[in-house]
Amino acid sequence: MTRSGLGAFLVDLALALVALLAMEWVFHRSLAPLEALNAALNAPPPRVEAGLADFHAIGARDPLVFFAGVRVQLRPKVIVFVGDSQGLVVKDSRGLPYPQLAAQALSREPGGASVIALQLGGANAFEQGALLLGMLRAGIAPRAVFWFHSIFSLRKNEIRSELVPLYLSLPESDVGHPDVILVGGAPPPASAAVPPAQRLLRRLGSWLDRRLSASATLRFARLSLADKSEILRSSSFARLLLPSALRPRTAQTSDPPGSILEDDAAFVGLVTAALERRGVRVVNVLAPIRRDITPRPVSVRSESIAYPALERAVREAGGSFESWLDLLPDSCYGRFEDGSDDAFHVSGTGHRLIARRLLASPAAR
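Take the sequence shown: its letters are residues 1 to 365, numbered as in my numbering.
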């Protein structure tokens with residue numbers, strides 16, 4: 001390579017590096033608020049409320065460590081709640097979410113009860129099911145499981161990087177063969193027969209993958225096209241370049257692919273059957289949602305696919321299925337910061353109504 005050729009190469013390399021750093025900065029600014037919100041949702045509460053000594057929330061903890069630690073603390077009667085951020089967010093900050101309200105009520109019954117909350121912000125059905133299977137593998141077989149579903153938890157087929165080790169620890173006979181994306185990839189199997197040089201390369205590769213996985217650019221690349229579009233339109237650059245009429249509001253219509261909705265429903269059925277075989281009573285609940293707003297939170301097409309598929313899979317697995325879609329009045333739903341209607345997260349009054357319905361269920365007794 002000539003001196004001039006080397007100089008041009010170095011200039012191109014420097015420009016590429018600057019472009020990559022600029023992309024990393026843009027994507028970090030766009031992803032940081034969403035990731036900070038999920039981290040806050042999954043953080044343990046700062047203090048223990050009265051009557052919640054037997055309430056155990058997984059939060060951001062390693063699920064394998066969480067299950068091993070909580071198993072020795074449980075009372076004979078154990079109730080499990082699993083779902084996404086609806087069980088974490090109290091829209092008006094007046095009171096506690098329904099899992100904690102139910103735990104307080106159950107603690108006052110003769111003999112009490114332990115409550116395990118497996119809610120995670122943004123968790124989809126594959127992640128929720130993996131948590132339930134991991135709980136069974138850890139030797140925890142509760143009296144009942146209340147599994148809350150929504151169109152939002154049925155629209156993705158991913159396992160977040162924090163839950164990949166748990167998912168990979170489950171036998172294929174437990175999880176079936178779903179078309180699922182392992183965010184961050186799967187680590188290679190360990191083997192004592194691998195030569196030292198190859199083991200070193202694997203360790204270096206794993207280290208590099210962990211570092212790259214922390215990159216905002218790579219995290220953005222692993223998102224679905226719809227999520228990419230939403231994040232880009234909500235970025236600081238979009239706010240500068242797009243007129244206010246074209247900027248997205250937080251509320252939008254979700255229209256996930258029908259194949260993913262059906263795959264999620266099938267996985268829910270598989271996990272429900274595994275729990276029922278262990279003597280666990282599983283109540284699958286369609287979580288309350290406000291559908292009569294603009295923009296409509298979910299498309300009619302997606303609802304017409306998801307809900308029948310879920311009910312069919314649950315009933316074939318021997319579980320219970322209940323629709324609480326219209327349980328709450330409109331006044332129980334709040335708004336996002338930009339003023340658009342939040343069709344899913346509810347006020348303290350809404351949580352109290354959900355808790356009351358839960359406690360009236362025969363499975364909670």
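Every residue, glycine too, gets a C-beta built ideally from N, C-alpha and C.
How far does the beta strand (DSSP E) with Asp-286 in it reach, from first residue to last? In the sequence shown, residue 286 corresponds to position 286, counting from 1. For the sequence presented, residue 286 should be read as Leu rather than Asp. Counted as a single uninterrupted DSSP element, the beta strand (DSSP E) harbouring Leu-286 occupies residues 281 to 286.
Could you tell me which uninterrupted beta strand (DSSP E) segments, each at least 3 residues in length, are contained entirely in the segment 66 to 148, listed from first to last along the chain? As far as the segment 66 to 148 is concerned, its whole beta strand (DSSP E) runs of at least 3 residues are 78 to 82 and 114 to 117.
Throw me the rounded Cβ distance for the Ala-343 and Arg-291 pair, which I believe falls under 8 Å. In the sequence shown, counting from the first residue as 1, residue 343 sits at position 343. In the sequence shown, counting from the first residue as 1, residue 291 sits at position 291. Indeed they touch by this definition, with Cβ atoms about 7 Å apart.
Span of the alpha helix (DSSP H) around Ser-350: To locate residue 350, count along the sequence shown from 1; it is residue 350. According to the sequence as given, residue 350 is Gly; it is not Ser. Start and end: 348 to 359.
Among all the DSSP beta bridges, which residues are the ones paired with Ala-57? Translated into positions along the sequence shown, residue 57 becomes position 57. For Ala-57, the beta-bridge partners assigned by DSSP are Ala-117.
Under three-state DSSP, which class holds Asp-264? Indexing the sequence shown from 1 puts residue 264 at position 264. Here Asp-264 sits in helix by DSSP.
Skipping 5 residues on each side, what residues in its chain have a beta carbon closer than 7 Å to that of Ala-125? For the purposes of this step, residue 125 is identified with residue 125 of the sequence shown, where counting begins at 1. Contacts found: His-149, Ser-153, Leu-154, Asp-264, Phe-267 and Val-268.
For a quick check, are the C-beta atoms of Ser-161 and Val-183 less than 8 Å apart? Locating residue 161 in the sequence shown gives position 161, counting from the first residue. Locating residue 183 in the sequence shown gives position 183, counting from the first residue. The answer is yes: Cβ separation under 8 Å.
Counting only the same chain and skipping the five closest in sequence on each side, list residues whose C-beta sits under 8 Å from that of Gly-87. Residue mapping note: residue 87 aligns to position 87 of the sequence shown, counting from 1. Taking C-beta separations shorter than 8 Å and ignoring five residues to either side along the sequence, the partners of Gly-87 in its chain run Phe-81, Pro-97, Tyr-98, Pro-99, Ala-117, Gln-119 and Phe-148, following chain order.
Rounded to whole angstroms, how far is the Cβ of Val-280 from the Cβ of Leu-133, which I believe are closer than 8 Å? Within the sequence shown, residue 280 is the residue found at index 280, counting from 1. Within the sequence shown, residue 133 is the residue found at index 133, counting from 1. Val-280 to Leu-133, Cβ: 12 Å. No contact.
Does His-351 have its Cβ less than 8 Å from a Cβ in chain C? As a matter of chain content, chain C is missing from the structure shown, which is built from one protein chain.
Apart from the five residues just before and just after Glu-49, which ones in its own chain have a Cβ nearer than 7 Å to its Cβ? Counted from its first residue, the sequence shown places residue 49 at position 49. Same-chain partners within the cutoff: Leu-96 and Gln-100.
Between Leu-64 and Ala-138, what straight-line distance do the alpha-carbon atoms span, to the nearest angstrom? Position 64 of the sequence shown, counted from the first residue, corresponds to residue 64. Position 138 of the sequence shown, counted from the first residue, corresponds to residue 138. Approximately 8 Å, taken between the alpha carbons.
Could you say which of Arg-203, Asp-174 and Ala-14 lies nearest to Arg-277 if we only look at CA atoms? By 1-based counting over the sequence shown, the position of residue 277 is 277. When each option's Cα is compared against that of Arg-277, the closest is Asp-174.
Around the C-beta of Val-72, are 16 or more other C-beta atoms found within 10 angstroms, so that it is buried, or is it exposed? As a first step, residue 72 must be located in the sequence shown, where it is residue number 72. In the assembly as shown, Val-72 is an exposed residue. Its beta-carbon has fewer than 16 other beta-carbons within 10 Å.
Since Ser-302 is in the alpha helix (DSSP H), which residue starts that stretch and which ends it? Residue 302 sits at position 302 when you count from the first residue of the sequence shown. Residues 300 to 316.
Looking at Ser-254 and Val-298, is the spacing between their C-beta atoms short of 8 Å? Numbered from 1 along the sequence shown, position 298 holds the residue referred to as residue 298. Numbered from 1 along the sequence shown, position 254 holds the residue referred to as residue 254. Going by C-beta atoms, Val-298 is nearer than 8 Å to Ser-254.
Got a sec, what are the start and stop residues for the alpha helix (DSSP H) Glu-172 sits in? As a first step, residue 172 must be located in the sequence shown, where it is residue number 172. Here the alpha helix (DSSP H) through Glu-172 covers 172 to 175.
Mind checking whether Gly-121 and Lys-77 have CB atoms under 8 Å apart? Here residue 121 is taken as the residue at index 121 of the sequence shown, counted from 1. Here residue 77 is taken as the residue at index 77 of the sequence shown, counted from 1. Cβ distance not < 8 Å, so Gly-121 and Lys-77 don't count as in contact.
C-alpha distance - Gly-319 paired with Ala-141, whole-angstrom precision: The residue you call residue 319 lines up with position 319 of the sequence shown. The residue you call residue 141 lines up with position 141 of the sequence shown. Looking at the backbone, the Cα of Gly-319 and that of Ala-141 are separated by about 15 Å.
How about Ile-289 and Leu-325: do their beta carbons lie closer than 8 Å? Working through the sequence shown from its first residue, we reach residue 289 at position 289. Working through the sequence shown from its first residue, we reach residue 325 at position 325. Less than 8 Å divides the Cβ of Ile-289 from the Cβ of Leu-325.
Compare the C-alpha of Val-90 against each of Cys-332, Ala-273 and Gln-198 and name the closest. Position 90 of the sequence shown, counted from the first residue, corresponds to residue 90. Ranking Cys-332, Ala-273 and Gln-198 by Cα distance to Val-90 puts Cys-332 first.
Which whole-angstrom value describes the C-beta separation of Arg-357 and Leu-310, a residue pair presumed to lie in contact below a C-beta threshold of 8 Å? Position 357 of the sequence shown, counted from the start, is the residue given in the question as residue 357. Position 310 of the sequence shown, counted from the start, is the residue given in the question as residue 310. Separation of the CB atoms of Arg-357 and Leu-310 is rounded to 19 Å, and the pair is thereby denied contact status at 8 Å.
Hey, Leu-166 and Ala-144 are a contact pair by Cβ (cut 8 Å); roughly how many whole angstroms apart? Locating residue 166 in the sequence shown gives position 166, where the first residue counts as 1. Locating residue 144 in the sequence shown gives position 144, where the first residue counts as 1. Contact between Leu-166 and Ala-144 fails: their C-beta atoms lie close to 22 Å from each other, not under 8 Å.
Rounded separation between Gln-198 and Gly-176 - CA only: As a working note, residue 198 is residue 198 in the sequence shown. As a working note, residue 176 is residue 176 in the sequence shown. Using only the alpha carbons, I get a separation of about 31 Å.
Looking at Ser-323 and Leu-286, is the spacing between their C-beta atoms short of 8 Å? For the purposes of this step, residue 286 is taken as residue 286 along the sequence shown, with counting starting at 1. For the purposes of this step, residue 323 is taken as residue 323 along the sequence shown, with counting starting at 1. With respect to the 8 Å criterion, Leu-286 and Ser-323 are classified as neighbours on the basis of their beta carbons.
Let's see if you can read the secondary structure: which residues bound the alpha helix (DSSP H) around Ser-169? Numbered from its first residue, the sequence shown carries residue 169 at position 169. Per DSSP, Ser-169 belongs to the alpha helix (DSSP H) from 164 to 169.
Where does Pro-46 land, buried or exposed, given buried means 16+ other C-beta within 10 angstroms? As a working mapping, residue 46 is identified with position 46 in the sequence shown. Since pLDDT at Pro-46 reaches only 48, below the 50 mark, its modelled position is unreliable, and no value is offered.
Would you kindly work out how many angstroms separate the C-alpha atoms of Ala-103 and Asp-341, rounded to a whole number? Looking up residue 103 in the sequence shown gives position 103. Looking up residue 341 in the sequence shown gives position 341. When rounded, the separation of the alpha-carbon atoms in Ala-103 and Asp-341 is 29 Å.
Per DSSP, what kind of secondary structure is Glu-322 in: helix, strand or coil? To locate residue 322, count along the sequence shown from 1; it is residue 322. Here Glu-322 sits in strand by DSSP.
What is the DSSP secondary structure of Leu-182, counted as helix, strand or coil? As a working note, residue 182 is residue 182 in the sequence shown. Strand.
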